[in-house]
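Mind the numbering: the sequence shown is residues -17 to -1, 1 to 477 in mature numbering (1 follows the signal peptide of the UniProt record, and there is no 0), read in order. Ideal Cβ positions, reconstructed from N, Cα and C, are used throughout, including at glycine. Note that the coordinates shown come from a computational prediction; the quantities given were computed from them, not determined experimentally. To start, the structure itself, in structure tokens.
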Amino acid sequence: MKLGLTLFGLGAAQWEAAYAPGHGGMVHLFEWSHAAIAEKCEKMLGPKKWGAVQVSPPTENRLVGGQWWERYQPISYKLENRSGNHQEFADMVRRCNAVGVRTFVDVIPNHMCGGGGSGTGSGGTSFDAGSLDFPGVPYSRNDMNDNNCYTSSGNIENYGDANQVRNCRLVNLIDLNQGTEYVRGKLVDYLNQFIDLGAAGFRVDACKHMWPGDLEVIFGRLKNLNVRSGFKGTERPFIFQEVIDQGGGSQSQANEYTGFGRVTEFKYCMGGRLNTQSLKHLANIGSRLGYLSPMSSVVFINNHDNQRGHGGGGHVVTFEESWALKTLTTFMMGHDYGEPRVMSSYYFSDPDEGPPGWQPNGFNGGFGCENGWVCEHRWRAIQNLGMFRGSVFGTGVTKWSEGWDNQIAFSRGNKGFMAINGGSSNWSGSIATSMPDGEYCDLGQGDPTDGGCTGPTIRVYGGQAQINVPTGDSPVSYISVRYTATGGGHGFKS
């Protein structure tokens, strides 16, 4: 199918994540096991009010050599690979839902594994990528797009040709034909199995390589979120689609996909605006710069692809620039543009390198992980941003202020206030805010408790916030009306 269809019956929740009340933002726990994610939900993400976790593809994949990208070469839709099996996945989703953390599944409807060769997958299923035989689904040659691709190599050779981009193979990955009823049915079943298990949405890989009209049909046939998992029964799965559109010459554009879900806004992290040397320029970030509308976009500072030079390439801020990443992540989670996603990484020297051999169960000084994992979501400046995001839902940015030394502050209506110090010394003074009078826990510097705060507080009186934002390791301060210095049941419960 080449043309988009009219939308029928797609509720707003396809663009709005069904977060638990008071929760916000998502964390991509890249290559974590299902068991480790379940534990992280219970011990940290749930209590810290994060909205969701994005999990790596849980389906059976081709075994290549342990590289991270072999997870993106499915050979069946069986749930078994190095992250765990079907039972462990179901247990993870159940335990995360129980503490208010939703699961967004990374799914791969565009293709199967790379062409050529045969073998058995991570779950023991046989396949033949030479004859295009995938009995675990099953798929055969008739379900692929090879006959619709007219390049000599069978691969995409010209990104200015929409037919090549959507009908030919992406780096030799065997391209599925989503225009047939049989393939559509298999893909709907593939995604619905996750909804049945309690998942709340999907990150959809390689969407620019599929026809928008085909995706619209497939997404429209998905079930509502599962009542047995605590949802209302009327909510739609949250859809966000990977479309790498940096404003270049590709004939597959992000705005072609916004009618049936959100789209990853790559211009946000690669457009040159996320510059810590001039924070004041962030005031205009969003639609005014030609980005997607706020309700159509998922935003991020880096992702698993572009931190390795893949997926559009170019310079992005990663964990190797920790101060800049803390500053920009705080801004992203505090601002009202788009739905934010925070990357949680592992260290690597080879961009193809798979995850460490040990899961990230050990923690380094409380604000990171051991065993080769970075765990940016645990950094002091970042870990309470789910609390902030969840508590300011439904508000816009107000009272934008700028300091003299690369410093910015803003309110989120009367529910929250944030200050970011990009200068060389502490930023102290009175800053205008829409927050009501009171004394609040500084969530960027400490945690709220039932009795108060473990760190400093910020006093608001007469529309002025009295701030003292440090420079250095955690150069941010943010407060919410939900987390006051007197506690009283509003604080963080460990």
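### Under 7 Å between C-beta atoms of P339 and R291
No.
### Task
Can you tell me which of the three DSSP states T440 falls into?
Here T440 sits in strand by DSSP.
### Query
By how many angstroms is the C-alpha of V282 removed from the C-alpha of G244?
Just so you know, the alpha carbons of G244 and V282 end up roughly 14 Å apart.
### Query
Which two residues bound the contiguous beta strand (DSSP E) that contains G412?
For G412, the enclosing beta strand (DSSP E) begins and ends at 410 to 415.
### Cβ neighbour criterion (16 or more within 10 Å) applied to H298
Exposed, since its Cβ has fewer than 16 Cβ neighbours within 10 Å.
### Query
Can you tell me where the alpha helix (DSSP H) with N80 in it begins and where it stops?
69 to 81 is the extent of the alpha helix (DSSP H) around N80.
### Task
Consult DSSP for Y173 and reduce its assignment to one of helix, strand or coil.
Residue state for Y173 is assigned as helix, using DSSP reduced to three classes.
### Query
Considering H17, what are the terminal residues of the alpha helix (DSSP H) in which it resides?
Unbroken alpha helix (DSSP H) run through H17: 17 to 23.
### Query
Does DSSP put W51 in a helix, a strand or coil?
Correct three-state label for W51: helix.
### Task
Give the DSSP bridge partners of A402, in chain order.
Bridge partners of A402: A392, S460.
### Message
Would L174 and S105 qualify as a contact pair, given that the criterion is a beta-carbon distance under 7 Å?
### Response
No, they are not a contact pair.
### Message
In chain order, what are the residue ranges of uninterrupted beta strand (DSSP E) at least 3 long that sit wholly in the region 107 to 194?
### Response
As far as the region 107 to 194 is concerned, its whole beta strand (DSSP E) runs of at least 3 residues are 109 to 111, 156 to 158, 184 to 187.
### Cα-Cα separation, W52 to A392
C-alpha separation (whole angstroms): 39 Å.
### Query
Considering only the beta carbon of each residue, do R85 and A35 sit closer than 7 Å?
Closer than 7 Å, so yes.
### Message
Closer than 8 Å is the cut-off here; do at least three beta carbon pairs connect the region 445 to 453 with the region 412 to 419?
### Response
At 8 Å Cβ cutoff, the stretches touch.
### Query
What are the residues that DSSP puts in a beta bridge with W387?
Partner(s): none; W387 has no beta bridge.
### Task
Using only alpha-carbon positions, find the residue among L272, E63, A183, I58 that is nearest to G100.
Out of L272, E63, A183, I58, I58 has the C-alpha closest to the C-alpha of G100.
#### Entry: Distance between beta carbons of P30 and D89, contact taken as under 8 Å
Not really, about 25 Å apart at Cβ, beyond 8 Å.
### Task
Using only alpha-carbon positions, find the residue among L262, V246, H264, F302 that is nearest to S276.
Nearest option by C-alpha distance: V246.
### Per-residue burial, Y444 [other beta carbons within 10 Å of its own, 16 or more giving buried]
Exposed is the label assigned to Y444, since fewer than 16 other Cβ atoms lie within 10 Å of its Cβ.
### Message
Closer than 8 Å is the cut-off here; do at least three beta carbon pairs connect the region 149 to 161 with the region 123 to 136?
### Response
Between the region 149 to 161 and the region 123 to 136, the count of C-beta pairs closer than 8 Å reaches three or more; the two stretches touch.
### Message
What would DSSP say about F475, mapped onto helix, strand or coil?
### Response
Bear in mind that a pLDDT of 41 at F475, under 50, signals an unreliable position, so the model cannot answer this.
### Task
Could you pull out every residue in the same chain whose Cβ sits closer than 6 Å to the Cβ of Q37, ignoring the five residues on either side in sequence?
Exclusion of the five residues before and after Q37 leaves M9, H11, F87, R186 as the residues of its chain whose Cβ lies within less than 6 Å of its Cβ.
#### Entry: Distance between H17 and C79 (C-alpha atoms, nearest Å)
Going from the Cα of C79 to the Cα of H17 covers about 10 Å.
### Query
Which value, in whole angstroms, describes the spacing of the CA atoms of I284 and G317?
Between I284 and G317, the C-alpha separation is close to 13 Å.
### Query
Is DSSP giving F376 helix, strand or coil here?
When DSSP states are grouped into helix, strand and coil, F376 belongs to the coil group.
### Query
Is Q37 helix, strand or coil when you go by DSSP?
Secondary structure of Q37 (DSSP, three-state): strand.
### Query
Under a three-way DSSP split, which group does Q(-4) fall into?
DSSP places Q(-4) in helix when its eight states are reduced to three.
### Message
Contact defined as beta carbons within less than 8 Å: I believe V154 pairs with C190. What is the distance between those atoms, to the nearest angstrom?
### Response
That belief does not hold up - the Cβ atoms of V154 and C190 are roughly 16 Å apart, past 8 Å.
### Message
So, at 8 Å on beta carbons, what are the nonlocal neighbours of G379 in its own chain, with the 5 sequence-adjacent residues on each side left out?
### Response
Annotation for G379: D319, R395, G396 place their beta carbon closer than 8 Å to its own, counting only its chain and skipping 5 residues before and after.
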